[in-house]
Amino acid sequence: MKLTVNGEEIDSRAKTVQELLLELGVKPGAVAVEVNLKIIKRAEHPAYPLSDGDTVEIVSFVGGG
Amino acid sequence: MKNREKLVVGGVEFTSRLWVGTGKYRTNEEMAAALEASGTEMVTVAVRRVDLKRGSGGLLDYIDTKRYRILPNTAGCYSVEDALRYARLGREAGLSDFIKLEVIGDERTLFPDVMGLLTATEILAKEGFIVLPYTNDDPVMAKRLMDAGAACVMPLGAPIGSGLGIRNPYNIKIILETVDATVVVDAGVGTASDAALAMELGCDAVLINTGIAGAADAVSMAAAMKHAVMAGRLAYQAGRISKKLYATASSPLEGMLL
């Protein structure tokens, strides 16, 4: 399945948001996930399904003013 | 009347009146030491894509979130739509309703787009955000932002990162006198005397990033800013003498040898 994650196209076997985070080695915690411009709340990560062609954004905090 | 004794924003009480940004430090260790030296209780952060090659984590490994409240910003957003998106992502990532709202109108000056800022403030306040808008030193806009539901106003002292200090102290004073708002000077503070001036004017707090992070010794400057904010606040509360053109002797004339 092809996904666009943070602007890059990747091949993924993840069926859910949680599986994708695991697959990418992203530590859960202070991250926010958007699928096709919709924010997926943390509690929904285990169940929220991903489909071929989805656009996913995974963001976190960096230094800023 | 606003509470002049304690700093309370969004229902949260702050002992320190210095908020600090986490950008542009040379290392995360330096940032952590500067935060410690500043005595701050709230730090700003930006919301950005996780670097999938290097992994996530990073910043918050160096910030004790039990000690410092995290204030996500919408830096880099040039439209209402983008600012709303970043604010909502920041809330989801940080699990807090606090947002430092920036809607930037110009790349070179990073001056705010106040029309967009007002619209975004109204929308986010209705969504339950505690909106801390970065705005111009404009008393009318400050009032509009408060009417739109902002939790405080954060007028710039000078352009972001410029270190030019408080370029228009009179406008800041007018905001303080005419708008029933907590006022936090955000942007432009270059050195300790700038922070002290903001507080002497009667501002409730100061937010500093580049002034600390860009100093040759960021940790020492963080300490300097801490003391400046405290000194400025005390001087404001003490009530300064009025300025006079001519001298007034400090020593009595009585008892002089004639």
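Note that the protein sequences, when read in sequence, are chains A and B. Mapping to the working numbering: the first sequence position 40 is 40, numbers consecutive. Each position in the second sequence, counted from 1, maps to that position plus 65 in the working numbering. By construction, the Cβ of each residue, glycine as well, lies at the ideal position given by its N, Cα and C atoms.
Exercise. Which term fits G65 (chain A), buried or exposed, when burial requires 16 or more other beta carbons within 10 angstroms of its beta carbon?
Worked result: Taking the first sequence and counting its residues from 1, the one referred to as residue 65 (chain A) is at position 65. Buried.
Problem set entry | Within 9 Å of chain A by C-beta, residues of the region 231-255 of chain B in sequence order | D251, A252
Exercise. Okay, do the region 100-110 of chain B and the region 80-92 of chain B touch, 3+ Cβ pairs below 8 Å being the bar?
Worked result: yes
For this session: Leaving aside the five residues before and after A158 (chain B) along the sequence, list all residues of the same chain whose C-beta is less than 8 Å from its C-beta, in chain order.
Result: Here residue 158 (chain B) refers to the residue found at position 93 of the second sequence. Closer than 8 Å at Cβ, skipping near neighbours: V112, P137.
Exercise. In chain order, what residues of the same chain lie with their CB nearer than 6 Å to the CB of M66 (chain B), ignoring the 5 residues before and after it?
Worked result: Position 1 of the second sequence, counted from the first residue, corresponds to residue 66 (chain B). A caution first: M66 (chain B) carries a pLDDT of 39, below 50, which makes its placement in the model unreliable, though a value can still be read off. Here the set comprises nothing.
For this session: Assign V110 (chain B) to one of three DSSP states: helix, strand, or coil.
Result: Position 45 of the second sequence, counted from the start, is the residue given in the question as residue 110 (chain B). It is a strand residue.
Exercise. If the cut is a Cβ gap below 8 Å, which residues of chain A does K89 (chain B) touch?
Worked result: Reading the second sequence from its first residue, position 24 is the one you call residue 89 (chain B). Going along chain A in sequence order, the residues near K89 (chain B) (Cβ under 8 Å) are G63, G65.
Exercise. For A158 (chain B), which residues in chain A fall below 8 Å Cβ to Cβ?
Worked result: In the second sequence, residue 158 (chain B) corresponds to position 93, counting from 1. Simply A30, V31, A32, V59, S60, F61.
Problem set entry | Partner residues on chain A for A111 (chain B), Cβ-Cβ distance less than 9 Å | Position 46 of the second sequence holds residue 111 (chain B). In chain order: F61, V62, G63, G64, G65.
For this session: Can you have a look at P220 (chain B) and say buried or exposed, based on whether 16 or more other CB atoms are within 10 angstroms of its CB?
Result: For the purposes of this step, residue 220 (chain B) is taken as the residue at position 155 of the second sequence. Flag for P220 (chain B) reads buried.
Exercise. Using the C-alpha atoms, what's the distance from D269 (chain B) back to L61 (chain B)?
Worked result: Past the boundaries of the shown model lies residue 61 (chain B); chain B is included only from 66 to 323, so the question cannot be answered.
For this session: Under 6 Å Cβ to Cβ from A329 (chain B), same chain only, skipping five residues before and after it: list those, please.
Result: Because chain B spans 66 through 323 in this model, residue 329 (chain B) falls outside it and cannot be assessed.
For this session: Taking 8 Å as the threshold, find out whether the region 2-14 of chain A comes into contact with the region 51-63 of chain A through three or more Cβ pairs.
Result: A contact exists between the region 2-14 of chain A and the region 51-63 of chain A.
Exercise. Candidates B:V218, B:A98, B:I195: which alpha carbon is nearest T243 (chain B)'s?
Worked result: Within the second sequence, residue 243 (chain B) is the residue found at index 178, counting from 1. For T243 (chain B), the nearest C-alpha among the options comes from B:V218.
Exercise. Given that a residue counts as buried once 16 or more other Cβ atoms are within 10 Å of its Cβ, and exposed if not, what is L323 (chain B)?
Worked result: Counting from one through the second sequence, the residue named residue 323 (chain B) turns up at place 258. Flag for L323 (chain B) reads exposed.
For this session: Give the secondary structure of A300 (chain B) by DSSP, where H, G and I count as helix, E and B as strand, and everything else as coil.
Result: By 1-based counting over the second sequence, the position of residue 300 (chain B) is 235. In the structure shown, A300 (chain B) sits in a helix (DSSP, three-state: H, G or I).
Exercise. Relative to the alpha-carbon of M211 (chain B), which residue among B:L189, B:A293, B:G255, B:M295 has its alpha-carbon at the smallest distance?
Worked result: The residue given as residue 211 (chain B) occupies position 146 in the second sequence. Per the Cα distances, B:L189.
Exercise. Taking 8 Å as the CB-CB cut-off, is L117 (chain B) touching chain A?
Worked result: Working through the second sequence from its first residue, we reach residue 117 (chain B) at position 52. So, interface residue.
Exercise. Does any C-beta atom of chain B lie closer than 8 Å to the C-beta of K38 (chain A)?
Worked result: Stepping through the first sequence from its first residue, residue 38 (chain A) is reached at position 38. No, its Cβ sits nowhere closer than 8 Å to a Cβ of chain B.
Exercise. When the Cα atoms are used, what is the spatial distance from A115 (chain B) to Y199 (chain B)?
Worked result: Your numbering for residue 115 (chain B) matches position 50 in the second sequence. Your numbering for residue 199 (chain B) matches position 134 in the second sequence. The amino acid at residue 115 (chain B) is misidentified as Ala; the sequence shows Val. Rounded to whole angstroms, V115 (chain B) to Y199 (chain B) spans 25 Å at the Cα level.
For this session: Select from the region 145-179 of chain B all residues with a C-beta closer than 7 Å to any C-beta belonging to chain A, and list them in chain order.
Result: R153, L154, E157, A158, G159
Problem set entry | Inter-stretch contact (C-beta, 8 Å, three-pair minimum) for the region 170-184 of chain B and the region 70-82 of chain B | no
Exercise. What residue does the beta strand (DSSP E) around S144 (chain B) start on, and which one ends it?
Worked result: Looking up residue 144 (chain B) in the second sequence gives position 79. No beta strand (DSSP E) contains S144 (chain B), which DSSP labels as neither H nor E.
Problem set entry | Partners in chain A for L125 (chain B), counting only beta-carbon separations shorter than 9 Å | Against the second sequence, residue 125 (chain B) aligns to sequence position 60. Residues of chain A passing the Cβ test: G29, A30, S60, F61.
Exercise. So what does DSSP say about P224 (chain B), is it helix, strand or coil?
Worked result: Position 159 of the second sequence, counted from the start, is the residue given in the question as residue 224 (chain B). P224 (chain B) falls in the coil class under three-state DSSP.
Exercise. From the beta carbon of M96 (chain B), is the nearest beta carbon of chain A less than 8 Å away?
Worked result: Residue mapping note: residue 96 (chain B) aligns to position 31 of the second sequence, counting from 1. It does; some Cβ of chain A falls within 8 Å.
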